[in-house]
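**Student:** One point on numbering: in this note's numbering, the residue at position 302 of the sequence shown is 317, and numbering is uninterrupted.
One structure, as structure tokens, below. Some questions next.
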Amino acid sequence: MPGYFIWTIGCQMNKAESQQIAGYLDSAGYQAVDSFSNADVVVLNTCVVRQSAENKVLGTLGLLKGVKNKHPDLQILVTGCLVNSDIQELKRRFPQVDLLFKPGDYPELIAWSERRGTPAEQRLLRYPPNNVNGARSPSALIPIIQGCDNFCSYCIVPYRRGREVSRPRRDIVSEVEELVRRGMKEITLVGQNVDSYGHDLPGHLDLADLLNELSSIDDLARIRFLTNHPKDISLKLIDSVASPNKICEHLELPVQAGDDDILRAMRRGYNLEQYRELVHTIRRNIPQVSLSTDIIVGFPGETEEQFAHSLALVKDIKFDVVHVAAYSPRPGTIAWREYQDNIPAEVKKERLHVIEDLQAAIATEINSQLQGKEIEVLVEGSKGGKWFGRTRSNKLVFFEDAGDWLGQLARVKIERTSPWSLGGEVKNN
Ligand code: SF4
């Protein structure tokens with residue numbers, strides 16, 4: 016059986032699409048292998064949201080060029096955000112690549128597979144028994160909406176992934192039902208802006224309707240979703256998460272900056288007061304909620320004072336997790352056209368570390384409150400002799416036990432805490 020290896024970088028959408036690509040390749044008779052070197056087909060699922068990600072993609076393409084020179088039969092397939100509308104230009108730049116297909120453009124992948132004499136399923140509504148590259152997991156990522164209509168000034172995604180297109184509700188529900196029949200315990204619905212789900216479908220159902228329907232599937236233990244947009248999240252959705260059900264009490268709510276002028280320049284569509292009010296509403300309705308956010312430092316023109324506003328926001332809100340990134344200009348975006356990237360790299364790096372250090376202290380304090388508590392953990396795998404999994408609030412937990420816990424709900428008494436994970440002893444055996 017020819018082997019395939021999928022290299023994935025970037026957001027949860029890419030990870031979800033890699034699971035789907037694995038499904039198509041499995042259906043065409045390919046077999047997952049654990050490295051480039053054992054593969055007959057390599058798929059690169061790319062991200063170009065930041066320069067560092069793009070550099071990794073270009074480096075990997077260079078590496079594969081060398082491999083292909085030695086093994087001309089190797090097939091190299093590239094998808095993800097690198098693949099924009101000018102495919103001819105990409106073909107010219109990367110002659111070592113055999114197929115370039117846009118994110119979610121599976122008919123192109125199917126046509127490639129047919130040309131190779133290995134026809135794939137035409138319409139895949141289920142994953143293979145294993146996830147990407149053979150790793151077993153009780154959790155699956157389900158894309159529910161492609162693209163984004165928001166055009167935040169720094170972001171390349173709408174140009175690469177196009178406008179929002181929701182997946183039909185029936186497709187999503189069938190896929191989840193099939194996954195659960197195969198033993199999947201948790202699903203995460205993903206999209207660049209899941210709050211927009213359904214606006215383009217007949218009947219205008221929304222994310223809350225979809226979550227409520229999926230909640231009624233027997234044997235499905237947990238449902239997650241990401242990413243929300245602070246200007247679009249609805250009270251109806253907050254109510255759905257607040258009700259006792261399978262929807263986990265965790266929200267990814269990217270604020271991006273703590274200063275109104277910067278938010279305006281970013282074209283985020285809300286101000287600080289609205290964001291703070293939203294967090295207040297969420298916490299009032301879902302007291303046990305955990306919140307993650309994204310912050311960009313060093314946006315063009317960001318003064319020390321404006322940066323201090325972001326710092327003050329992190330201090331005040333006390334997020335569970337903050338993903339912080341230094342601004343990098345993306346050719347083709349509004350910010351790239353209109354603003355000069357005038358914050359020196361060392362200042363961006365310094366600001367990034369200041370936020371990371373502050374957040375580490377906040378997360379230490381939040382997580383230490385879990386010491387001694389017994390928490391339900393869905394076990395996702397094992398690493399270095401320890402089982403690991405997540406709480407409903409998305410905290411990573413490790414424990415040691417001789418039993419087979421993969422896919423089980425374990426009750427773990429927390430004995431150790433750190434800013435990034437928890438450790439403890441399993442109690443339900
Ligand atoms: S909401 Fe903004 S940051 Fe997120 S994908 Fe859309 S344009 Fe990019």
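Beta carbons are placed, not taken as given, at the ideal position from N, Cα and C, and that holds for glycine.
On a predicted model such as this, the values are computed, not experimentally measured, just so you know.
Who pairs with residue 52 in a beta bridge, going by DSSP?
**Tutor:** Paired residue(s): none; residue 52 is not in a bridge.
**Student:** Quick check on the DSSP output: the alpha helix (DSSP H) that includes residue 122 runs from which residue to which?
**Tutor:** Here the alpha helix (DSSP H) through residue 122 covers 121-130.
**Student:** Less than 7 Å separating the Cβ of residue 170 from some heavy atom of the ligand SF4?
**Tutor:** The answer is yes for residue 170.
**Student:** Using the beta-carbon count (16 or more within 10 Å), is residue 363 buried or exposed?
**Tutor:** Result: buried.
**Student:** Mark residue 244 as exposed unless 16 or more other C-beta atoms lie within 10 angstroms of its C-beta, in which case mark it buried.
**Tutor:** Buried.
**Student:** Please determine whether the Cβ atom of residue 173 lies at a distance below 7 Å from any heavy atom of the ligand SF4.
**Tutor:** Checking every heavy atom of the ligand SF4 against the Cβ of residue 173, one is found closer than 7 Å.
**Student:** Rounded to a whole number of angstroms, what is the C-alpha to C-alpha distance between residue 206 and residue 179?
**Tutor:** Near 9 Å, if we compare the C-alpha coordinates of residue 179 and residue 206.
**Student:** Where DSSP assigns a beta bridge to residue 338, which residues make up the other side?
**Tutor:** Paired residues: 309.
**Student:** The beta strand (DSSP E) that contains residue 206, what's its start and end?
**Tutor:** Residues 201-206.
**Student:** Please determine whether the Cβ atom of residue 207 lies at a distance below 7 Å from any heavy atom of the ligand SF4.
**Tutor:** Correct: residue 207 has its Cβ closer than 7 Å to the ligand SF4.
**Student:** Which term fits residue 265, buried or exposed, when burial requires 16 or more other beta carbons within 10 angstroms of its beta carbon?
**Tutor:** Classification for residue 265: buried.
**Student:** I'd like to check one pair, residue 390 with residue 9: are the Cβ atoms closer than 8 Å?
**Tutor:** Residue 9 cannot be examined here, being either before or after the span of the chain that is shown, 16 to 444.
**Student:** Could I get the ranges of all uninterrupted alpha helix (DSSP H) runs contained in the stretch 32-104, with 4 residues as the minimum, in chain order?
**Tutor:** Runs of the alpha helix (DSSP H) inside the stretch 32-104: 66-85.
**Student:** Helix or strand or just coil, what does DSSP make of residue 211?
**Tutor:** Residue 211: helix per DSSP, three-state reduction.
**Student:** Got a sec: does the ligand SF4 put a non-hydrogen atom nearer than 7 Å to the Cβ of residue 167?
**Tutor:** True, at least one ligand heavy atom lies under 7 Å from that Cβ.
**Student:** Using DSSP with H/G/I as helix, E/B as strand and the rest coil, what is residue 287?
**Tutor:** It is helical.
**Student:** Starting from residue 267, trace the alpha helix (DSSP H) both ways and give me its first and last residue.
**Tutor:** Taken as a continuous stretch (DSSP letters only), residue 267 belongs to no alpha helix (DSSP H), being part of the beta strand (DSSP E) at 265-267.
**Student:** Per the contact definition of three or more C-beta pairs closer than 8 Å, is the stretch 163-171 in contact with the stretch 76-90?
**Tutor:** With the cut-off at 8 Å, the stretch 76-90 and the stretch 163-171 do not touch.
**Student:** Classify residue 352: buried if its beta carbon has 16 or more other beta carbons within 10 angstroms, exposed otherwise.
**Tutor:** Residue 352 should be labelled exposed.
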